[in-house]
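K.L.:
Dumping the structure here so I can ask a few things about it.
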Amino acid sequence: MKFTVLRLNLSENKVESEELEKEGIYGVIDYGLELHESLRTYGLKPYDPENVVVMGMGPFAGSTLPGSHRLMFFFRSPLYGTLFPSAMGGAAYAFKNVGVDFVTFEGKAEKPVVVLLYNDGKNVKVELHEIEIDKVIEIWRGYNEEEGVYALTQYLIDTFGERFQDMEYRIAVVGPAALNTNYGAIFSQALRNGKRLVGSEDWAARGGSGSVLLRAHNVVGIIFGGKPKKKAFPEEDISNFKTAKTIVEGVHKKPYNEIIGEKTTKYRFNPKLNTGGTFGGNYPAEGDFVPILNWQMPYIPKEERIRIHENIMKHYWEPFNEEAIKPKNWTTCGEPCPVVCKKHRRGHHVEYEPYEANGPLSGSISLRASDISVHAVDAMGFDAIEFGGTAAWVLELVHRGLLKPEEVGLSGKPEFTKEALLERPVEASEVNAKLVAELAHRVAFAENELARIIGFGKRKASKILDEKFKDRLKYGESFRDYAVFTPLGEDGEMTPTMYWAIGNYIPLPIQGRYWTFYQFGVFLEPEELANKIIASALWEFWYDNVGWCRFHRGWMKPVLKALFMDAYGENVNMEEHAKKQIKRLIEFAKKAGYIPVFWDSMRVIDLVAAGSEEFGNEKWAKKFKIDKVGTAKEYLEKVLNAYSEMLGVEWRL
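Right, dumping it as structure tokens:
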């Protein structure tokens, strides 16, 4: 397969274009792996200018198939320590008009730059526009009555919009979180007639993509697009709807609209639940397993968790349905798509993970209250999952007296108890959400010493806090015992996705996304869990590699092999290729010094131990009661041993 690569060397202000044709490269991760291995970036620090960021689209962008236009970023994570993919929904719909497949960012510009990538109808153009960091910070603090990523996006529309008025274009920016923390994200919002489309916001967030883009390369924004043009496929023309439809129907033996509607019900509208989207679908499904109060579920009796969940349904879920689902405030991420998964209300895009991490997990179960916290976290340009997990940890530490509000820069103490969520859910939520919003600003702008430390991440920060405040800890206790993260190597960490799922805590080459078995409420035997983790990862690899929205996986998974054959004449062994690339990711991680380690947080061990009983595995529950830590180590060792044997790798404790 052929790909066009645009290489930007920001240190030398140099642009090179090359045609790439190499066996075994089918998508963004394939290319990114090849590049990082050749540059031996495993020997570099994550913020080294040679830690190349690859931005690119998959081989099916330009087709008429919905979900095929995710823009992928692939980089060395400053948080998890190893190579990491991050996805931005819909953005490749504009990026495809640039006329290249992949763009690489290498070297570091002398001053912060905005990169313009566009096609004027004849040629690909690249421009670098310098902007002083003081000016960037001034914009982040406030421009046109907005702040952070929203302000910077609007500033770039106002500054460069006229240049792109006859093109399809999109803007991606970073916020202050990228400047001062390891978990800054890259934000983008679909544009229509030069205006931002409400509800269409999307993020390449996990792993700290924005932090690398800014701190390794000095890029604060990317504007990309061009005059719309049809993509040429070498074999069958899947930019033609009839052709693409025929391929899908040939695989599924069902009408196109029927199969897509059937397989994406949860994300559009589920008539059984009378709701839609991840937010609408997850809360009724999870019940009392919903993560609350910094993952304190193991210490809260089930009957009280059930009552808290009833309050979540009343004050969180029902208002969402009234304000987003009933009036059909639905849109897309920027590409034409019948699923319209983006649900919005009162100007806020509402999705499960950001609203869960900065909502119930952080002590807010009132939707109006969480609007305040989530909007602040998003505006500051954080990975909302990572920040929510961090905020929940900080609020619990302040509640317990291990940190003082004034040390962190908070205006008061949180109401961080089960009683608060049971007896005064709205009032307590307002208190907690306000504090999360305050914390987001303090940490994003590194406004005090503790805020700067928190910006490292929970695990890294705990090492500093353990020494700084050792007199506040009980014997053998650590600040990290209250933190929930998946550890990797000596200092790698990742806040898991917002499900009480054992597969979320296993140190894997990629964590914090869905390259694992993330089903909540299930406690499997170690070998079965390893098997399900691998089965999931093999396909999650493909969705990211070809930049396809995973909300479409139900119908797309069996079609992908046929698409490679029909559109490109490539007979791809899907499973073998994915296994090979996961092995390469493992080898890279090991060379970089990021290998599996035992959980070093008692909260995580408690979640696993309590899960065995809560989820009905009597055998393991008995073992955990006899020796909690020893059993946790035995279980994790067995999972990783089975994982290693099944994949044919060495990835063990």
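Be aware that the sequence shown starts at 1, since it is given in the UniProt record's numbering, and climbs by one per residue. The beta-carbon is built from N, C-alpha and C at its ideal position, and this holds for glycine as well. Here the structure is a predicted model, which is why all the values come from computation and not from measurement.
Based on Cα-Cα distance, which residue from GLU406, TYR499 and ALA578 lies nearest to LEU607?
P.N.:
Of the listed residues, the one whose Cα sits closest to LEU607 is TYR499.
K.L.:
For VAL443 and TRP140, what's the separation of their Cα atoms in angstroms?
P.N.:
14 angstroms
K.L.:
Could you tell me which uninterrupted alpha helix (DSSP H) segments, each at least 4 residues in length, are contained entirely in the region 198-275, listed from first to last along the chain?
P.N.:
209-217, 241-252, 256-263 and 265-268
K.L.:
Taking 8 angstroms as the threshold (C-beta atoms), are SER601 and ALA483 in contact?
P.N.:
yes
K.L.:
Apart from the five residues on each side of it in sequence, which residues of its chain come closer than 7 angstroms, Cβ to Cβ, to SER188?
P.N.:
MET88, ALA91, ARG170, ILE171, ALA172 and ASP202
K.L.:
Does the count of Cβ pairs from the region 229-246 and the region 280-295 closer than 8 angstroms reach three?
P.N.:
no
K.L.:
Quick one: Cα of ARG76 to Cα of THR41, how far?
P.N.:
8 angstroms
K.L.:
Considering only their Cβ atoms, is the gap separating ILE223 from VAL54 smaller than 8 angstroms?
P.N.:
The beta carbons of VAL54 and ILE223 sit no closer together than 8 angstroms.
K.L.:
In this structure, does DSSP put LEU117 in helix, strand or coil?
P.N.:
strand
K.L.:
Give the C-beta separation of GLY210 and GLY381 to the nearest angstrom, bearing in mind that I take them to be a contact with Cβ-Cβ under 8 angstroms.
P.N.:
In this structure GLY210 is in contact with GLY381, their Cβ atoms being roughly 6 angstroms apart against a cut-off of 8 angstroms.
K.L.:
CA-CA distance, THR495 and GLY389?
P.N.:
Per the coordinates, the alpha-carbon of THR495 lies some 6 angstroms from the alpha-carbon of GLY389.
K.L.:
Out of HIS399, LEU361, VAL124 and SER200, point me to the one whose CA is closest to PHE387's CA.
P.N.:
Per the Cα distances, LEU361.
K.L.:
In three-state terms, what does DSSP make of VAL340?
P.N.:
coil
K.L.:
Whose CA, out of LYS619, ASN641 and GLY593, lies closest to the CA of GLY43?
P.N.:
GLY593
K.L.:
The beta strand (DSSP E) spanning PRO487 covers which residue range?
P.N.:
486-488
K.L.:
Distance, Cα to Cα, HIS252 vs LEU65?
P.N.:
15 angstroms
K.L.:
Our contact map puts PRO509 next to VAL597 with C-beta atoms below 8 angstroms; I'd like the distance itself, whole angstroms only.
P.N.:
Not quite, the Cβ-Cβ distance comes to about 14 angstroms (not below 8 angstroms), so this is no contact.
K.L.:
Which runs of the alpha helix (DSSP H) fall wholly inside the region 587-611 and span at least 4 residues, in chain order?
P.N.:
none
K.L.:
Rounded to whole angstroms, how far is the Cβ of LEU10 from the Cβ of ASN294, which I believe are closer than 8 angstroms?
P.N.:
Not really, about 39 angstroms apart at Cβ, beyond 8 angstroms.
K.L.:
Once DSSP output is grouped into helix, strand and coil, what is the label at MET380?
P.N.:
coil
K.L.:
Who are the near neighbours of PHE624 in its chain, counting only those whose CB is closer than 6 angstroms to its CB and skipping five residues on each side?
P.N.:
ALA609, SER612 and THR631
K.L.:
Relative to the C-alpha of ASN329, which residue among TYR299, GLU449, GLU396 and LEU197 is closest?
P.N.:
LEU197
K.L.:
So who's on the other strand from ALA172, going by DSSP bridges?
P.N.:
SER188 and ILE222
K.L.:
Does the pairing of the region 295-310 with the region 271-282 give three or more beta-carbon distances under 8 angstroms?
P.N.:
no
K.L.:
Can you tell me the Cα-Cα spacing of GLU449 and ILE626, whole angstroms?
P.N.:
42 angstroms
K.L.:
How would you call ARG192, buried or exposed, if buried means at least 16 neighbouring beta carbons within 10 angstroms?
P.N.:
exposed
K.L.:
Would the beta-carbon of TRP515 fall within 8 angstroms of that of SER536?
P.N.:
yes
K.L.:
With burial defined as no fewer than 16 other Cβ atoms inside 10 Å of the residue's Cβ, what is the status of ILE137: buried or exposed?
P.N.:
exposed
K.L.:
Quick one: what does DSSP say GLU107 is sitting in, helix, strand or coil?
P.N.:
The question names Glu, yet the displayed sequence has Gly at residue 107. Looking at GLY107 - three-state DSSP - the assignment turns out to be coil, as it is neither helix nor strand.
K.L.:
Could you check whether ALA216 and LYS111 sit closer than 8 angstroms to each other, using their CB atoms as the reference points?
P.N.:
no
K.L.:
Under the assumption that ILE247 contacts ALA562 (Cβ atoms under 8 angstroms), give the Cβ distance between them as a whole number of angstroms.
P.N.:
About 6 angstroms separates the two Cβ atoms, so the contact holds.
K.L.:
Taking only the alpha-carbon atoms, compute the straight-line gap between VAL639 and TYR518 and give it to the nearest angstrom.
P.N.:
15 angstroms
K.L.:
What number of angstroms, rounded off, separates the C-alpha of LYS266 from the C-alpha of LEU367?
P.N.:
21 angstroms
K.L.:
Run through DSSP, which three-state label would PRO496 get?
P.N.:
Secondary structure at PRO496: coil, using DSSP grouped into helix, strand and coil.
K.L.:
Any idea if LEU585 is buried or exposed, counting beta-carbon neighbours within 10 angstroms, 16 or more meaning buried?
P.N.:
buried
K.L.:
Given a cut-off of 8 angstroms, decide if ALA178 and LEU214 are closer than it, judged by their beta-carbon atoms.
P.N.:
yes
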